[in-house]
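Protein chains in written order, with our numbering: chain A, 3 to 117; chain B, -10 to 101.
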Amino acid sequence: NAGVTQTPKFQVLKTGQSMTLQCAQDMNHEYMSWYRQDPGMGLRLIHYSVGAGITDQGEVPNGYNVSRSTTEDFPLRLLSAAPSQTSVYFCASSPLAGGHGNEQFFGPGTRLTVL
Amino acid sequence: GENVEQHPSTLSVQEGDSAVIKCTYSDSASNYFPWYKQELGKGPQLIIDIRSNVGEKKDQRIAVTLNKTAKHFSLHITETQPEDSAVYFCAAKEWPGNQFYFGTGTSLTVIP
């Protein structure tokens, strides 16, 4: 299993540009989530999904959209990038159900810079 | 929502000594408390977790304790080694609900 994969690893955008961060998992996990990591602030939840077709907002959803058309994929869209969105973005997945249902597996991250 | 505080933000210990990182949470309904280790340039990796019906859990050199009454939980690493150097995050999962709330991280340095 590849686990959780994210693309791209690095990205530089100009203010106002849009882009999609890709996330995929091959573990058949129901739960997927997106976090941003900023210095001194830990990881903050942006959006999450408990299954295909179901998404919900986390702590910091403004400026981001998500969709979940398949179990495997959970893309994060920046509609109009702003410098405040410069961050490292992590995708994570979890089986949700069962004895280890809460354990989250993280991808390697995408470092995004918005100029 | 839940609020998780983590201390200290940085910690240096001599190789072989113990390290303790503490977290507090605000929502008494939270029921799952994982700890993650993040090495430079990588995503966080789960190292140990504890559920609210358990007071302590051990896995070799690492242990986690939970005090539900005081709403705090701690990570203990014994016989530290240089490869333990990393950033450690605590988290709490609310119940009911599916959101995880993370602490701000502790940068641990083990000095050989």
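Glycine included, every Cβ here is placed at the ideal spot set by N, Cα and C.
Asked	Found
Same chain only: Cβ atoms within 7 Å of Gly111/A, ignoring 5 sequence neighbours per side	Gln8, Val90, Tyr91, Phe92
Distance, Asn67/A Cα to Gln24/A Cα	12 Å
Proximal chain A residues relative to Leu35/B, where beta-carbon distance stays under 8 Å	Glu105, Gln106, Phe107
Cβ-Cβ distance between Gln59/A and His49/A below 8 Å	yes
C-beta contact flag for Thr69/B and Val2/B at 8 Å	yes
Three-way DSSP call (helix, strand, coil) for Glu45/B in this model	strand
Contacts of Gln88/B in chain A (Cβ-Cβ under 9 Å)	Ser35, Leu47, Tyr50, Asp58, Gly60, Glu61
Those residues which DSSP pairs with Leu29/B across a bridge	Per DSSP, none; premise fails for Leu29/B.
Three-state secondary structure assigned by DSSP to Glu83/B	coil
CB contact flag (Ser51/A, Arg70/A, <8 Å)	yes
Cα-Cα separation, Asp28/A to Thr73/A	9 Å
Interfacial residues, the region 54 to 85 of chain B to chain A, with Cβ spacing under 7 Å	Phe78, Lys82
Inter-residue CB distance, Tyr21/B and Pro33/B (contact presumed, cutoff 8 Å)	Not a contact, Cβ separation roughly 15 Å.
N- and C-terminal bounds of the beta strand (DSSP E) containing Thr57/A	56 to 59
Helix, strand or coil at Glu(-9)/B [DSSP, three-state]	coil
Chain A within 8 Å of Tyr21/B, Cβ atoms only	yes
Under 8 Å from the C-beta of Gly44/B: neighbouring residues of chain A	In chain order: nothing, as chain A lies at least about 18 Å away.
The region 8 to 35 of chain A: positions lying closer than 8 Å to chain B by Cβ	Tyr33, Ser35
Interfacial residues, the region 67 to 99 of chain A to chain B, with Cβ spacing under 7 Å	Phe92
Endpoints, beta strand (DSSP E) assigned at Phe76/A	Premise fails: Phe76/A is in no beta strand (DSSP E) and is neither H nor E.
Where Pro23/B falls: helix, strand or coil (DSSP)	strand
Exposure of Gln27/B, with buried meaning 16 or more beta-carbon neighbours within 10 Å	buried
Host beta strand (DSSP E) of Asn64/A (start-end)	Element bounds for Asn64/A: n/a, residue is neither H nor E.
Identity of the residue in Lys11/A, Leu114/A, Thr57/A, Leu78/A nearest Pro85/A by Cα	Leu114/A
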